[in-house]
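Engineer:
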DNA sequence: ATGCTTGGATAGTGCCGGTATCCGAGAAGG
DNA sequence: CCTTCTCGGATACCGGCACTATCCAAGCAT
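Put into structure tokens, the structure is as follows:
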């Protein structure tokens with residue numbers, strides 16, 4: 001497959017493919033001579049993965065590169081690759097540690113994890129990027145005058161735990177074809193937008209049920 | 001409160017506040033004379049709302065303007081303002097209707113809604129932006145070779161329905177102080193990042209439990 | 001041989017959220 | 001009253017991001 005064919009098969013313009021090659025999101029093709037490079041099914045697959053992450057998952061290009069780096073890291077065992085890749089996904093800046101809302105939110109969230117008994121509580125509370133996003137969002141709610149306590153989030157967390165179990169079951173059902181962390185990462189990235197969409201639909205539904213037609 | 005004080009109270013730079021004023025995200029202050037305008041608590045509140053939507057919710061400025069337009073639309077009853085505002089939130093381009101994956105995903109998702117018995121099924125299936133996002137994400141999954149059927153999504157949808165019920169309960173518990181659609185919109189926008197963060201934490205937790213420490 | 005295509009390098013584009021600069025009108029102080 | 005400082009508004013500009021357009025020399029096809 002040459003670049004133009006790769007483009008035709010994927011629906012991604014050659015210019016964009018070149019850009020991804022430059023950015024290291026796609027490994028270079030096998031160079032046949034100075035003007036021809038050949039790409040295979042693996043490239044096509046990777047290209048679709050990249051596109052899905054960027055377009056559907058809204059993951060920034062730099063983050064995609066980082067995530068793929070973990071996926072391809074042969075020095076890590078399979079389970080850890082997934083962990084490392086997911087770890088790299090969130091793009092939340094470190095919150096201002098002096099902000100009183102941030103401090104309060106962090107304390108409250110640590111308490112939440114303890115209440116839930118998630119092992120994160122000891123292991124990675126303050127380091128996980130996901131935990132950071134949680135703190136940032138929680139602090140924003142408080143700053144706006146919303147009053148909540150960690151206990152109120154417990155049911156949310158339990159439901160998301162159930163969702164995570166579904167995720168894992170889904171992923172495991174898929175691994176048959178290729179035993180790659182790539183598969184798992186994609187699952188994580190693509191399930192999220194679906195979840196968000198379902199959430200909003202559910203809100204529309206529930207709000208219609210409670211308050212009548214729109 | 002003058003602009004500089006508004007800035008001090010909110011932590012948003014005067015330049016940015018001016019930008020928001022220009023963009024119509026913030027109503028102009030009461031003009032005292034040619035060089036002084038006065039802002040009140042309502043402005044501060046609105047400013048924090050805007051910041052939260054943009055920074056935490058990652059909502060584009062143009063969308064914030066649209067959402068606030070609905071929130072402030074006095075011609076609509078309260079319940080409908082929320083609906084209209086939430087309706088305006090997603091920013092998903094219309095998918096290519098000729099794409100076979102999109103067509104398949106749309107059919108599957110319509111079936112899912114029928115299975116769930118959500119009233120959306122009749123009322124707004126093909127018009128809701130959330131439904132559109134769902135179709136786009138589902139099509140992307142299929143295009144990448146993930147095999148799923150509408151039934152597999154049913155448990156996800158049921159869990160999100162439960163989440164939506166929590167959302168509504170939370171919002172209703174908050175309406176005491178100000179009976180405004182603003183409150184509800186914020187709930188919707190800010191709960192989402194928290195939910196995503198909880199989801200990822202739950203994945204970390206569940207993946208650690210299944211596959212061992214990271 | 002000639003014209004077309006190929007892949008690589010480089011520079012440019014459009015959007016978006018925000019920032020810097022300039023300005024004239026007033027407030028503050030002596 | 002005059003100077004100096006600050007205010008708010010208008011305008012131009014900036015930096016990051018995801019592409020995209022242009023150029024070029026090397027090869028392939030006829």
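Protein chains in written order, with the UniProt record's numbering: chain X, 1 to 214; chain Y, 1 to 214.
Ideal placement from N, C-alpha and C gives every residue a C-beta, glycine not left out.
For residue 202 of chain X and residue 157 of chain Y, which I take to be in contact (beta-carbon distance under 8 Å), what is that distance rounded to the nearest angstrom?
Structural biologist: 7 Å
Engineer: Along chain Y, which residues have their Cβ under 8 Å away from the Cβ of residue 161 of chain X?
Structural biologist: 202, 205 and 206
Engineer: Is the separation between the beta-carbon of residue 171 of chain X and that of residue 135 of chain X shorter than 8 Å?
Structural biologist: For residue 171 of chain X and residue 135 of chain X, no; Cβs fall outside 8 Å.
Engineer: To the nearest angstrom, report how far apart residue 16 of chain X and residue 57 of chain Y are at their CA atoms.
Structural biologist: 29 Å
Engineer: Specify the secondary structure class of residue 30 of chain Y as computed by DSSP and reduced to three states.
Structural biologist: strand
Engineer: Between residue 39 of chain X and chain Y, is the shortest Cβ-Cβ distance under 8 Å, so that the two count as touching?
Structural biologist: no
Engineer: Helix, strand or coil for residue 94 of chain Y, going by three-state DSSP, please let me know.
Structural biologist: coil
Engineer: Measuring only the C-alpha atoms, how far is residue 14 of chain Y from residue 199 of chain X?
Structural biologist: 36 Å
Engineer: Which bits of chain Y does residue 143 of chain X rub up against, with CB to CB less than 7 Å?
Structural biologist: 48
Engineer: What first and last residue would you give for the alpha helix (DSSP H) that runs through residue 16 of chain X?
Structural biologist: 14 to 23
Engineer: What did DSSP end up calling residue 88 of chain Y once you bin it into helix, strand or coil?
Structural biologist: In the structure shown, residue 88 of chain Y sits in coil (DSSP, three-state: anything other than H, G, I, E or B).
Engineer: CB residue 50 of chain Y to CB residue 26 of chain Y, shorter than 8 Å?
Structural biologist: yes
Engineer: Run through chain X and tell me which residues come within less than 7 Å of residue 155 of chain Y, C-beta to C-beta.
Structural biologist: 166
Engineer: Determine the burial state of residue 12 of chain Y: buried for a count of at least 16 other Cβ atoms within 10 Å of its Cβ, exposed for fewer.
Structural biologist: buried
Engineer: Output, in chain order, the set of chain Y residues within a Cβ distance shorter than 7 Å of residue 149 of chain X.
Structural biologist: In chain order: nothing, as chain Y lies at least about 11 Å away.
Engineer: On the three-state DSSP scale, how would you describe residue 9 of chain X?
Structural biologist: helix
Engineer: Could you tell me which residues DSSP puts in a beta bridge with residue 62 of chain Y?
Structural biologist: Beta-bridge pairing links residue 62 of chain Y to no other residue.
Engineer: Taking the beta carbon of residue 32 of chain X as the centre, do at least 16 other beta carbons fall within 10 Å, making it buried, or is it exposed?
Structural biologist: Exposed.
Engineer: Mind listing the chain Y neighbours of residue 186 of chain X? Cutoff is C-beta to C-beta under 7 Å, in chain order.
Structural biologist: 144
Engineer: From residue 39 of chain X to residue 54 of chain X, what does the alpha carbon distance come to, in whole angstroms?
Structural biologist: 21 Å
Engineer: Quick one: grab the DSSP three-state call for residue 208 of chain X.
Structural biologist: helix
Engineer: Does the CB of residue 131 of chain X have a neighbour CB from chain Y at under 8 Å?
Structural biologist: It does; some Cβ of chain Y falls within 8 Å.
Engineer: With distance defined between alpha-carbon atoms, name the residue in X/30, X/97 and X/82 nearest to residue 3 of chain X.
Structural biologist: X/30
Engineer: Let me see if you follow: with CB-CB separation under 8 Å, is residue 119 of chain Y close to chain X or not?
Structural biologist: yes
Engineer: At which residue ranges does the segment 131 to 176 of chain Y contain complete alpha helix (DSSP H) runs of 4 or more residues, listed in the order of the chain?
Structural biologist: Taken in chain order, the whole alpha helix (DSSP H) runs of length 4 or more contained in the segment 131 to 176 of chain Y are 150 to 174.
Engineer: Spatial neighbours of residue 115 of chain Y within its chain, please: C-beta separation below 8 Å, excluding the five flanking residues on both sides.
Structural biologist: 150, 151 and 154
Engineer: Can you tell me the Cβ-Cβ gap for residue 102 of chain Y and residue 95 of chain Y, rounded? I've got them flagged as a contact below 8 Å.
Structural biologist: The C-beta distance from residue 102 of chain Y to residue 95 of chain Y rounds to 5 Å, short enough to fall under 8 Å.
Engineer: Report yes if the C-beta distance between residue 83 of chain X and residue 133 of chain Y is below 8 Å; otherwise report no.
Structural biologist: no
Engineer: Check the Cβ-Cβ distances between residue 210 of chain X and every residue of chain Y, and say whether any is below 8 Å.
Structural biologist: yes
Engineer: Looking at C-alpha atoms only, which residue of X/6, X/20, X/23 and X/70 is the closest neighbour of residue 44 of chain X?
Structural biologist: X/6
Engineer: For the alpha helix (DSSP H) that contains residue 115 of chain X, what are its first and last residues?
Structural biologist: From DSSP, the alpha helix (DSSP H) with residue 115 of chain X extends over 100 to 116.
Engineer: Mind pulling the chain X residues with CB within less than 8 Å of residue 1 of chain Y?
Structural biologist: Chain X residues near residue 1 of chain Y: none, gap ~17 Å exceeds 8 Å.
Engineer: Quick one: is residue 167 of chain X buried, meaning 16 or more other Cβ sit within 10 Å of its Cβ, or exposed?
Structural biologist: buried
Engineer: Between which two residues does the alpha helix (DSSP H) harbouring residue 50 of chain Y extend?
Structural biologist: 41 to 51
Engineer: Any C-beta of chain Y sitting closer than 8 Å to the C-beta of residue 193 of chain X?
Structural biologist: yes
Engineer: Counting only the same chain and skipping the five closest in sequence on each side, list residues whose C-beta sits under 6 Å from that of residue 177 of chain X.
Structural biologist: Bear in mind that a pLDDT of 47 at residue 177 of chain X, under 50, signals an unreliable position, so the number given afterwards is only what the model happens to contain. If we look at residue 177 of chain X and ignore the five residues flanking it on each side, it has no Cβ neighbours.
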